[in-house]
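Colleague: Protein chains in written order, with the numbering used here: chain P, 5 to 123; chain F, 297 to 408.
What follows is a structure written as structure tokens; I'll ask about it next.
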Amino acid sequence: GAGVSQTPSNKVTEKGKYVELRCDPISGHTALYWYRQSLGQGPEFLIYFQGTGAADDSGLPNDRFFAVRPEGSVSTLKIQRTERGDSAVYLCASSPIAPRTSGKYNEQFFGPGTRLTVL
Amino acid sequence: GENVEQHPSTLSVQEGDSAVIKCTYSDSASNYFPWYKQELGKRPQLIIDIRSNVGEKKDQRIAVTLNKTAKHFSLHITETQPEDSAVYFCAASILGYSTLTFGKGTMLLVSP
Chain P
5 GAGVSQTPSN
15 KVTEKGKYVE
25 LRCDPISGHT
35 ALYWYRQSLG
45 QGPEFLIYFQ
55 GTGAADDSGL
65 PNDRFFAVRP
75 EGSVSTLKIQ
85 RTERGDSAVY
95 LCASSPIAPR
105 TSGKYNEQFF
115 GPGTRLTVL
Chain F
297 GENVEQHPST
307 LSVQEGDSAV
317 IKCTYSDSAS
327 NYFPWYKQEL
337 GKRPQLIIDI
347 RSNVGEKKDQ
357 RIAVTLNKTA
367 KHFSLHITET
377 QPEDSAVYFC
387 AASILGYSTL
397 TFGKGTMLLV
407 SP
């Protein structure tokens, strides 16, 4: 079956612009995560959705970053007034069971990422 | 919050040798430790994980060990092959919670 997909694969924008990054999780996965991976670093947690609601947004760096998942499937990460320091690969992952309800941890399946470059 | 340290940052071995990557974590509440492999330009993929109720887990050429007292865990790859070349990330989490905290990664290079 299809894995997690992300669009676009690459996004180049100018400082100060607004960008949207899309994530299509594996069908039926209730949990969805956004991570940011800077060059030479491990993925850094941004936000986690359980269904439609953001269960944990403690990783969002500031209020320029926002994410939605209105129907509990596709999610969009939105970045306002982009800065050069926002340049990174933005990874999305999904897992089949929401950890908080199951008490278990299910494997997170990652998408290929969106490489964001802010000039 | 949790902090995961990973060493070495790069590791070069000859084909057939063993490779060991080590990680330490800071939060004694962490009880789930996955390892991800990321090939150049590709997505991270889970290769093995361990929960704190066991000390070791093996899957063919890959094994992971966990020392809860010392708060460190290691990835062992035996009989390395060129296709093992990639960046490997360790991570720590608490079962039932969402956040995976990753190490900075180890670039493994296996020379034929």
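Note that beta-carbon positions come from the ideal geometry of N, C-alpha and C, so glycine has one too.
I'd like the span of the beta strand (DSSP E) that includes V360/F, first residue to last.
Modeller: The residue given as residue 360/F occupies position 64 in the second sequence. Where V360/F is concerned, the enclosing beta strand (DSSP E) stretches over 358-363.
Colleague: Let me check one thing: in DSSP terms, what residues is H303/F bridge-paired to?
Modeller: Residue 303/F sits at position 7 when you count from the first residue of the second sequence. H303/F has K318/F as its beta-bridge partners, per DSSP.
Colleague: Check whether the Cβ atoms of L396/F and F49/P sit closer than 8 angstroms, and answer yes or no.
Modeller: Here the question's residue 396/F lines up with position 100 in the second sequence. Here the question's residue 49/P lines up with position 45 in the first sequence. Contact: yes.
Colleague: How many Å lie between P100/P and G32/P at the Cα?
Modeller: What you label residue 100/P is simply residue 96 of the first sequence in a count that begins at 1. What you label residue 32/P is simply residue 28 of the first sequence in a count that begins at 1. So the two alpha carbons sit approximately 7 angstroms from each other.
Colleague: Taking one C-beta from the stretch 373-380 of chain F and one from the stretch 18-38 of chain P each time, how about it: are there three or more such pairs within less than 8 angstroms?
Modeller: With the cut-off at 8 angstroms, the stretch 373-380 of chain F and the stretch 18-38 of chain P do not touch.
Colleague: Taking the alpha-carbon positions, what's the D28/P to S77/P distance?
Modeller: Locating residue 28/P in the first sequence gives position 24, counting from the first residue. Locating residue 77/P in the first sequence gives position 73, counting from the first residue. Approximately 7 angstroms, taken between the alpha carbons.
Colleague: Taking Cβ positions, are A58/P and A71/P nearer each other than 8 angstroms?
Modeller: For the purposes of this step, residue 58/P is taken as residue 54 along the first sequence, with counting starting at 1. For the purposes of this step, residue 71/P is taken as residue 67 along the first sequence, with counting starting at 1. Their beta carbons are under 8 angstroms apart, which means A58/P touches A71/P by this criterion.
Colleague: Name the chain P residues whose beta carbon is nearer than 7 angstroms to that of L307/F?
Modeller: As a working mapping, residue 307/F is identified with position 11 in the second sequence. Within 7 angstroms Cβ-Cβ: nothing; L307/F doesn't reach chain P, min ~15 angstroms.
Colleague: Roughly how many whole angstroms lie between the Cα atoms of A35/P and P408/F?
Modeller: Counted from its first residue, the first sequence places residue 35/P at position 31. Counted from its first residue, the second sequence places residue 408/F at position 112. So the two alpha carbons sit approximately 41 angstroms from each other.
Colleague: Along the stretch 338-352 of chain F, where does the CB come closer than 9 angstroms to a CB of chain C? Name the residues.
Modeller: The structure shown has no chain C; the protein chains it does contain are P and F.
Colleague: Under 8 angstroms: do the stretch 331-344 of chain F and the stretch 377-388 of chain F share three or more Cβ pairs, one atom per stretch?
Modeller: yes
Colleague: Would you call the CB atoms of F398/F and F369/F closer than 8 angstroms?
Modeller: Within the second sequence, residue 398/F is the residue found at index 102, counting from 1. Within the second sequence, residue 369/F is the residue found at index 73, counting from 1. Taking 8 angstroms as the cut-off, the Cβ atoms of F398/F and F369/F do not count as close.
Colleague: Which whole-angstrom value is the C-beta distance of L81/P and G117/P, which I expect to be below 8 angstroms?
Modeller: Locating residue 81/P in the first sequence gives position 77, where the first residue counts as 1. Locating residue 117/P in the first sequence gives position 113, where the first residue counts as 1. Contact doesn't hold; Cβ gap of about 12 angstroms is too wide.
Colleague: For chain F, check one thing: does any of its Cβ atoms lie closer than 8 angstroms to the Cβ of V57/P?
Modeller: Start at 1 with the first residue of the first sequence, and residue 57/P comes out as number 53. Sequence check: residue 57/P is Gly here, not Val. Answer no: the Cβ-Cβ gap between G57/P and chain F never drops below 8 angstroms.
Colleague: Quick one: is Q10/P buried, meaning 16 or more other Cβ sit within 10 Å of its Cβ, or exposed?
Modeller: On the first sequence, residue 10/P is found 6 positions in, with the first residue counted as 1. Counting Cβ neighbours within 10 Å, Q10/P comes out buried, since at least 16 surround it.
Colleague: Q84/P and R73/P - do their beta-carbons sit closer together than 8 angstroms?
Modeller: Reading the first sequence from its first residue, position 69 is the one you call residue 73/P. Reading the first sequence from its first residue, position 80 is the one you call residue 84/P. Taking the C-beta atoms as reference points, Q84/P is found no nearer than 8 angstroms to R73/P.
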